[in-house]
Ligand code: SAM
């Protein structure tokens, strides 16, 4: 039965504030699963399963899917759309409130697949980058301009603190562009799937120091890196310049020109 009919029969009301734009196109669902690179031996954590269309497409291709959904009113819908699957479990919880350490004590290694509203995507990415130990990869649908930002190169206007933070643990690439016409209801923006491969980032000894350096560098984009370091670390100009010189960084450089590798070197010196 068509997903729209099931939603109507269950009396489901879309909640705009939860970013409920669902995917119903079977070819698109199959291509998202393929692009995320998951296979028959993998465990997948899906975040924001909505009406369960992506959940089903995943469950048909992987070993196990654990799907988190914050909206409990989707339960009757999911009972119908996921009927007959014995490898898909839905957990009605806000994933941002899930204790990842506790979750990982019981889980094996896993991949995350998600199609979420932007305001959830950034905290989700940061949660995985900062705390996940068993996450091997993340494929997330985001609005296209956010995708460009996540995958931006140093020195471009799209490059920001989130780009540098992601690079700490993962490499990311846009693997699929998705026009707004393929969502129900239709949103106002086009989207793209970004794939993060964990374990291939720059890697540092002290993640907190790296985060502090990145946030300091981007604290004011109009200021030079020297000025931002002086403000954030309470350093005299001469000391801030000495540190940059030691790191081989131009004294006139702005934060957004630093590559993740340079942030790693700088954070260790700081
Ligand atoms: N994955 C489905 C699809 O592709 O059709 C639904 C996508 S819809 C864009 C996002 C879903 O995430 C909604 O069903 C929403 O209720 C859910 N959601 C939003 N915030 C969430 C959170 N913090 N934790 C879990 N689910 C969330």
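In the numbering used here, the protein residues as written are 938 to 1207. Backbone N, C-alpha and C fix where the C-beta goes; we use that ideal spot for every residue, glycine too. Keep in mind it's a predicted model, so treat the numbers as computed, not measured.
Report the option in the options whose CA atom is closest to the CA atom of residue i.
i            : options                   : result
residue 1050 : 1204, 1030, 1173 and 969  : 969
residue 963  : 951, 1183, 995 and 980    : 995
residue 947  : 1163, 1190, 1071 and 1014 : 1014
residue 1031 : 1080, 1111 and 1008       : 1008
residue 1059 : 1010, 1080, 1200 and 1153 : 1080
residue 1061 : 1184, 1110, 1071 and 1035 : 1035
residue 1137 : 1153, 1011, 1190 and 1109 : 1109
residue 953  : 1124, 1172 and 943        : 1124
Taking C-beta to C-beta, are residue i and residue j nearer than 8 Å?
i            : j            : result
residue 985  : residue 1053 : yes
residue 1188 : residue 1181 : yes
residue 1170 : residue 1119 : no
residue 965  : residue 1115 : yes
residue 958  : residue 1122 : yes
residue 940  : residue 991  : no
residue 1045 : residue 980  : yes
residue 972  : residue 1112 : yes
residue 999  : residue 974  : no
residue 1025 : residue 1011 : no
residue 1147 : residue 1201 : yes
residue 1184 : residue 1135 : no
Quick test of your reading: residue i and residue j, contact by CB under 8 Å. State the CB separation rounded to the nearest angstrom.
i            : j            : result
residue 1158 : residue 1193 : 6 Å
residue 1208 : residue 1139 : Given a span of 938 to 1207 for the chain in the structure shown, any question on residue 1208 remains unanswerable.
residue 1155 : residue 1098 : 4 Å
residue 1162 : residue 1186 : 7 Å
residue 1141 : residue 1101 : The pair is not a contact, with the Cβ atoms about 11 Å apart (cut-off 8 Å).
residue 1083 : residue 1047 : Not quite, the Cβ-Cβ distance comes to about 23 Å (not below 8 Å), so this is no contact.
Run through DSSP, which three-state label would residue i get?
i            : result
residue 1156 : coil
residue 1163 : helix
residue 1108 : strand
residue 1117 : helix
residue 1020 : coil
residue 1170 : helix
residue 951  : coil
residue 1090 : coil
residue 1080 : strand
residue 988  : coil
residue 1045 : coil
residue 964  : helix
residue 1085 : helix
residue 1131 : strand
residue 1004 : strand
residue 1069 : coil
residue 1051 : strand
residue 1136 : coil
Decide yes or no for the touch test of the stretch 1066 to 1077 against the stretch 1089 to 1109: beta carbon pairs closer than 8 Å, at least 3 of them.
-> yes
Touching or not, the stretch 1023 to 1042 and the stretch 989 to 1004, by the rule of three or more beta carbon pairs under 8 Å?
-> yes
Is the stretch 1073 to 1085 in contact with the stretch 1115 to 1131, if contact means three or more CB pairs nearer than 8 Å?
-> yes
Evaluate contact between the stretch 1081 to 1100 and the stretch 1009 to 1025, counting only Cβ atoms and requiring at least three cross-stretch pairs below 8 Å.
-> no
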